[in-house]
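Enquirer: Quick note: the sequence shown uses UniProt numbering, first residue 1, plus one each step.
Can you read through this structure? Questions will come right after.
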Amino acid sequence: MSTVYDLIVIGSGPAGQRAAIYAAKLGKKVALVEMREVVGGACISTGTIPSKTMREAVLHLSGYNYRSIYGMNYRVKERITMADLAFRVQHVIKTEIDVTEAQLSRNNIEMLVGVASFVDANHIQVTNSKGSVVYETKNVLIATGTKPAASAKVPVNGRSIINSDLVLDLPNLPKTMIVVGGGVIGVEYTCMFSALGVRVTLIERRPRLLEFADQEIVEALSYHLRDSRVTMRLNEEVESVEEMPDGTVVANLESKKKLQGDALLYAVGRQGNVDELNLGAIGVEADSRGRIPVDKDFRTKVPNVFAGGDVIGFPSLASVSMEQGRIAAARAFGDETVLSNPSFYPYGIYTIPEISFIGKTEEQLTEEDVPYEVGVAYYREIARGQIRGDTTGRLKLIFHRMTHAILGVHIIGEGASELLHIGQAVMALGGKLDYFVDTVFNYPTLAECYKVAAFNGLNRVSKFQ
């Protein structure tokens, strides 16, 4: 008699891993299907881990964080190559794969290598070079992630015209680069290449970068990019891209401008990996961008089929995907005790400098007619900021004018994604602005920014009391 699984997870990225492990800890029989030969999905192979590791390599080798102290010409390595960046990336990828495989093995999760597709809601076909096998299961979680969106206007060739999956395949570090797309991925790579001395032109069809982030923080980043000699072409759209006989690339804009560079990175969104799933067999439809609709429990219109991670769309963060997978697995087996509040999910954008935030932006609170005030602390006024050589960073606390409840924390500066968690904890536990005033922080640390920002905010409120 063939095995009947309690849960088959399709995709071994953050959502798939957490779902499989949570279900296994409930004592369920779990199988995890992965089309690659290695686990981890795009997160480990081509996305989060490679890009953040590359960022660390860029910061170290370029000496970027210490230029304000040792001078603009300071570098750890004079001639940085793509091989230098790839060396560190491959080391981290290998380690992460080993750690993930060990976790899955420890929890007795069966690995199935191949492409998964639905036969019906309780049967999954897995196809690989050895053939096809159909497996029976009581529940399914789709966690197939995404791939870079493609456009007929941009003929990706893997040499001079690339997408975000192919960055490390660049044969050489270009002297000039065009980046199409002012979202998270496009802006992160713009920062990395500009830190390496590449002259970058960033094209974005919207009037500002990162529209979901706080406007003041994005303006600070935009100023910093321009100061790093990045040219931003906002409200512009690419009409066509062509590779020239000399190997350079030309981007023709709809405004009739022509931009030329040694390489072009196309980073306009991502597309859900749903083409191979045969969703029609279970009556589920993805939208035009391959996103699968789900309810608050991450259940599709089919009761025993769930979906989580990037394949369901925004915010497409690895941290959030992990939580979505955990909740989906819990609900699949009737566990209602696993609770999570999306309003306390942190956002980390690994630009240079980093951006991280939680809660509402000033624009949202203004639209909602919420009476708020702001307190700001600048890294340059904090001893630790001077020690680290980061004088561009700032931390902004947004709080209710009357109750002093923390409504949002927005940070730009090195270490922002770590520093944010202090504000996250205070918000989640119902703390108020006074907590930061009355708390003693280690000195010198960037955490002091919270105290300085709190006093700054109170000073603004006291003027009207």
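Built from N, CA and C at the ideal position, the CB exists for glycine as well.
Everything numeric in this text was worked out from a predicted model, so none of it was measured.
Any idea if M72 is buried or exposed, counting beta-carbon neighbours within 10 angstroms, 16 or more meaning buried?
Expert: Exposed, by the Cβ-count rule.
Enquirer: Could you give the uninterrupted runs of the beta strand (DSSP E) lying entirely in the stretch 265-335, keeping only those of 3 residues or more?
Expert: Segments of the beta strand (DSSP E) lying fully in the stretch 265-335: 270-272 and 305-307.
Enquirer: Taking only the alpha-carbon atoms, compute the straight-line gap between V249 and K258 and give it to the nearest angstrom.
Expert: So the alpha carbons of these two residues sit roughly 10 angstroms apart.
Enquirer: If I follow the unbroken alpha helix (DSSP H) through I69, where does it start and stop?
Expert: First-last of the alpha helix (DSSP H) with I69: R67 to Y70.
Enquirer: So which of A307, I282 and P303 has the shortest CA-CA distance to P293?
Expert: It is A307 whose Cα lies nearest to the Cα of P293.
Enquirer: State the start and end residues of the unbroken beta strand (DSSP E) segment that holds R199.
Expert: Segment R199 to E204, the beta strand (DSSP E) holding R199.
Enquirer: Would you mind giving the Cβ-Cβ distance between A121 and I412, rounded to the nearest angstrom? I have them listed as a contact below 8 angstroms.
Expert: With 8 angstroms as the limit, A121 and I412 do not qualify as a contact, their Cβ atoms being about 46 angstroms apart.
Enquirer: With a 10 Å radius around its C-beta and 16 neighbouring C-beta atoms as the bar for buried, classify S129 as buried or exposed.
Expert: Exposed is the call here.
Enquirer: Taking its Cβ as the centre, do 16 or more other Cβ atoms sit within 10 Å of I8, making it buried, or is it exposed?
Expert: Classification for I8: buried.
Enquirer: Within 10 angstroms of the Cβ of N456, are there 16 or more other Cβ atoms? Answer buried if so, exposed if not.
Expert: N456 comes out buried.
Enquirer: What runs of the alpha helix (DSSP H), each 4 residues or longer, lie entirely inside the stretch 39-105?
Expert: The qualifying runs are 41-45, 48-62 and 67-70.
Enquirer: What is the residue span of the alpha helix (DSSP H) that V218 lies within?
Expert: Its alpha helix (DSSP H) spans residues Q215 to D227.
Enquirer: Using CA atoms only, rank isn't needed, just tell me which of D310, G272 and F357 is closest to D287.
Expert: Selected option, being the one with the closest Cα: G272.
Enquirer: Do P14 and G309 have their CB atoms nearer than 8 angstroms?
Expert: Yes.
Enquirer: Note down the Cα distance separating G181 from T3, rounded to an integer number of angstroms.
Expert: So the two alpha carbons sit approximately 47 angstroms from each other.
Enquirer: Could you work out which residue in Y22, I398 and V115 is closest to G41 when comparing CA atoms only?
Expert: Taking only the C-alpha atoms, the option nearest G41 is V115.
Enquirer: Where does V426 sit, in a helix, a strand or coil, going by DSSP?
Expert: In this structure, V426 counts as helix in the three-state DSSP scheme.
Enquirer: Should I390 and Y378 be called a contact, given that it needs their Cβ atoms to be closer than 8 angstroms?
Expert: As written in the sequence, residue 390 is Asp, which differs from the Ile given in the question. Not closer than 8 angstroms, so no.
Enquirer: Report the rounded CA-to-CA distance for A447 versus I422, giving the unit in angstroms.
Expert: Whole-angstrom Cα-Cα distance: 8 angstroms.
Enquirer: From what residue to what residue does the beta strand (DSSP E) around V437 run?
Expert: It is not in any beta strand (DSSP E) - V437 instead sits in the alpha helix (DSSP H) that spans L433 to D438.
Enquirer: Report, in whole angstroms, the separation of the C-beta atoms of I217 and H400, which I expect to be a contact under 8 angstroms.
Expert: Contact doesn't hold; Cβ gap of about 20 angstroms is too wide.
Enquirer: Taking the alpha carbon of G261 as the point to measure from, which residue in V274, V268, S255 and D246 has its own alpha carbon closest?
Expert: Closest by alpha carbon: D246.
Enquirer: Can you tell me where the alpha helix (DSSP H) holding L166 begins and where it ends?
Expert: Segment: none, L166 is in no alpha helix (DSSP H) and carries neither H nor E.
Enquirer: Leaving out five residues on either side along the sequence, give the residues of the same chain with a beta carbon under 6 angstroms from the beta carbon of T445.
Expert: Excluding residues within five positions, the ones whose Cβ falls inside 6 angstroms are R384.
Enquirer: Taking the C-alpha atoms as reference points, what is the distance between S68 and I352?
Expert: The alpha-carbon atoms of S68 and I352 are separated by roughly 14 angstroms.
Enquirer: Alpha carbon to alpha carbon, what distance is there between G393 and K451?
Expert: Going by the C-alpha atoms only, they are around 15 angstroms apart.
Enquirer: Report all residues from its chain with a CB closer than 6 angstroms to the CB of K296; omit the five preceding and five following residues, and keep chain order.
Expert: Here the set comprises nothing.
Enquirer: Here's a check: name, in chain order, each residue in its chain whose Cβ is nearer than 8 angstroms to the Cβ of Y70, leaving out the five neighbours to either side.
Expert: G63.
Enquirer: Closest by CA to R18, which one among R388, Q324, L365 and L234?
Expert: Closest by alpha carbon: Q324.
Enquirer: With distances taken from CA atoms, which of F436, V134, K28 and G16 is nearest F333?
Expert: It is K28 whose Cα lies nearest to the Cα of F333.
Enquirer: Taking buried to mean at least 16 other C-beta atoms within 10 Å of its own C-beta, is I387 buried or exposed?
Expert: With fewer than 16 other Cβ atoms within 10 Å, it is exposed.
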